[in-house]
Every structure is written in C-alpha cells, then in structure tokens.
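K.L.:
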Amino acid sequence: MTAVAAENLYRALTRWIGVDGCQALFMRGLADALPEHPALAELSLRAGEDPYIGNVAECVEKSGEAATAEALEAVLAGTFGLLARLIGKDMATNLIERSLPESATIKDPEKKRAEA
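Residue numbering for the sequence shown follows our numbering, starting at 3 and increasing by one per position.
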C-alpha cells in the first residue's frame, strides 16, 4: 500500500515540478532515509517508467512487508520535508493534497493544536 501511495505521489508531483525535479526529490529522500532503513538498498527509482519504484517485491521478500513499508514511509516523509523547505510547508502540503484521493488529507499536528 505504501508503494502505491509513493507511486501516486510521484506521478502527481511530476505534473507540478517535472520528472527531473521529482526524481531529484525522491532520490534525496531515499538517500537520507537509507542509513536508518537498509531495506531501501533493494529499491530502485526509475524516472519516467512504470512502475516508478522498482524491486518492491524483492525488497518485501528480503526485508519483510513491515520493514519495506516503514522504509518507503521514511522516503515519503523525507521527500515532503525537502519539498517543504524548497517551496514552503503550506504550498508543499497543498500540492501533495491535490495529488491525494478526495478522502485522504495530510494530518498536521500543528494545525490541530492551533484549531483547539
């Protein structure tokens, strides 16, 4: 499921920042997460290809589903963090929310506290 979310996010963000920009963000997110998530060493990011994230099945087989999902979540979090630093948190959140299905939203703990 996390791999599907990452695939969807990649496709959506390429519309806004292009294939090269999106590839750069995801590659940096992967590189930053790799030291804490060795399962990522099995994966490959393939710009412009379908699927974008390669070797997911091999990663699950070698590291397990939970470790693979956790590793991909770390990549997504890192990618969001990088995007937020580049264009600001609000704009990054807006771009990512536009890429999500209608039923999904980004949960922002800071926003919740401000509303309380």
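Even for Gly, the Cβ is constructed at its ideal location relative to N, Cα and C.
Between the Cα of GLY83 and those of LEU32, TRP18, MET3 and GLU9, spot the shortest distance and give me the residue it belongs to.
P.N.:
Residue numbering aside, residue 83 sits at position 81 when the sequence shown is read from its first letter. Answer by Cα proximity: LEU32.
K.L.:
Just checking, does the stretch 74 to 81 make contact with the stretch 21 to 40 on the three C-beta pairs under 8 Å criterion?
P.N.:
Touching, yes.
K.L.:
Might you give, ordered along the chain, the residues of its own chain that have their beta carbon closer than 6 Å to the beta carbon of LEU11, omitting 5 neighbours on each side?
P.N.:
Position 9 of the sequence shown, counting from 1, holds the residue named residue 11. Excluding residues within five positions, the ones whose Cβ falls inside 6 Å are SER101.
K.L.:
Determine, using beta carbons only, whether GLU99 comes closer than 8 Å to chain B.
P.N.:
The displayed structure is made up of one protein chain only, and chain B is not part of it.
K.L.:
Which class does GLY23 belong to by DSSP, given the choice of helix, strand or coil?
P.N.:
Along the sequence shown, one-based indexing puts residue 23 at 21. Secondary structure at GLY23: helix, using DSSP grouped into helix, strand and coil.
K.L.:
Would LEU74 and ASN57 be called neighbours here (beta carbons separated by less than 8 Å)?
P.N.:
Within the sequence shown, the letter at position 72 stands for residue 74. Within the sequence shown, the letter at position 55 stands for residue 57. The Cβ atoms of LEU74 and ASN57 lie no closer than 8 Å to each other.
K.L.:
Who are LEU78's beta bridge partners in DSSP?
P.N.:
Looking up residue 78 in the sequence shown gives position 76. In DSSP, LEU78 forms no bridge with anything.
K.L.:
Determine the DSSP secondary structure at GLY83, reduced to helix, strand or coil.
P.N.:
Here residue 83 refers to the residue found at position 81 of the sequence shown. Reduced to three states, the DSSP call for GLY83 is helix.
K.L.:
Label ARG48 either buried or exposed according to how many other C-beta atoms from any shown protein chain fall within 10 Å of its C-beta, with 16 as the threshold for buried.
P.N.:
Against the sequence shown, residue 48 aligns to sequence position 46. By the 10 Å Cβ count, ARG48 comes out exposed.
K.L.:
Assign ALA68 to one of two classes, buried (16 or more other C-beta atoms within 10 Å of its C-beta) or exposed (fewer than that).
P.N.:
The count along the sequence shown starts at 1 and reaches residue 68 at position 66. Burial call: exposed.
K.L.:
Please determine, among GLU9, MET3 and GLU99, the residue with the shortest C-alpha to C-alpha distance to PRO53.
P.N.:
Locating residue 53 in the sequence shown gives position 51, where the first residue counts as 1. Taking only the C-alpha atoms, the option nearest PRO53 is GLU9.
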